[in-house]
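Letter 112 of the sequence shown, counting from 1, is numbered 152 in the numbering used here, and no numbers are missing. Worksheet: the structure to be examined is printed underneath.
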Amino acid sequence: MNPQIEQLRKQFASYNLYEKKDFINNLQKKLEGQSSPEYSDFLNECIQIYQNQSGGGIAGGGDKPVEVVSLVCGILGVVLACFYGLGLPLAIIAIVFSRKKKDTHKTTAGLVLGIIGIVFSAITVALLIITVVAMVTMPDWMWMIY
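Okay, structure coming up:
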């Protein structure tokens, strides 16, 4: 084992996704035109780790549909929770989609908003049920007051 590669491996493991992407790009530039099987294997290992953690390629690209769906459903779930709990299905969808892809800001926001949407929907539905039950069980003389 090459001690320099072991040191680079520890360094790579301590980086966040953005730093890992930069590390890989810099290593690719350094290895252009060189034929070092140890470093090439290490580079491929780093790329594989990065792709597993980020869910995408080295190019970066745009947002993944799962992230966007999670975030949008979370936002709509919170907003529509005020309308008789209509946000409940969207909040559940936000949580499900946020679980499919972890460790991104959008999916974390979708998860949090989904949980808030479920809580708001539950409160809204509970208040609706309490109101309906109170109106049904109200004595007839109380209706004259209103």
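Every residue gets a Cβ at the ideal spot worked out from N, C-alpha and C, and that includes glycine.
So, using beta-carbon positions, are K70 and Y90 closer together than 7 Å? Numbered from 1 along the sequence shown, position 30 holds the residue referred to as residue 70. Numbered from 1 along the sequence shown, position 50 holds the residue referred to as residue 90. For K70 and Y90, no; Cβs fall outside 7 Å.
Cα-Cα separation, A53 to I170: Residue numbering aside, residue 53 sits at position 13 when the sequence shown is read from its first letter. Residue numbering aside, residue 170 sits at position 130 when the sequence shown is read from its first letter. So the alpha carbons of these two residues sit roughly 54 Å apart.
Leaving out five residues on either side along the sequence, give the residues of the same chain with a beta carbon under 6 Å from the beta carbon of V106. For this step, residue 106 is matched to residue 66 along the sequence shown. Closer than 6 Å at the Cβ level, and outside the excluded window around V106, lie F137, K140 and K141.
If we count Cβ pairs, one from each stretch, closer than 8 Å, do we get three or more for the stretch 115-128 versus the stretch 77-89? no
Find out if the Cβ-Cβ distance for the pair T164, S110 is shorter than 7 Å. In the sequence shown, counting from the first residue as 1, residue 164 sits at position 124. In the sequence shown, counting from the first residue as 1, residue 110 sits at position 70. No; because the gap between Cβ atoms is not below 7 Å, this pair is not in contact.
Which residue comes first and which comes last in the alpha helix (DSSP H) that contains C113? On the sequence shown, residue 113 is found 73 positions in, with the first residue counted as 1. From DSSP, the alpha helix (DSSP H) with C113 extends over P105 to L120.
Using DSSP with H/G/I as helix, E/B as strand and the rest coil, what is N92? Taking the sequence shown and counting its residues from 1, one reaches residue 92 at position 52. Helix at N92.
Cα separation between A131 and V108? Within the sequence shown, the letter at position 91 stands for residue 131. Within the sequence shown, the letter at position 68 stands for residue 108. Rounded to the nearest angstrom, the two C-alpha atoms are 14 Å apart.
First through last residue of the alpha helix (DSSP H) which encompasses G150: Position 110 of the sequence shown holds residue 150. Counting along the chain, the alpha helix (DSSP H) containing G150 begins and ends at H145 to T177.
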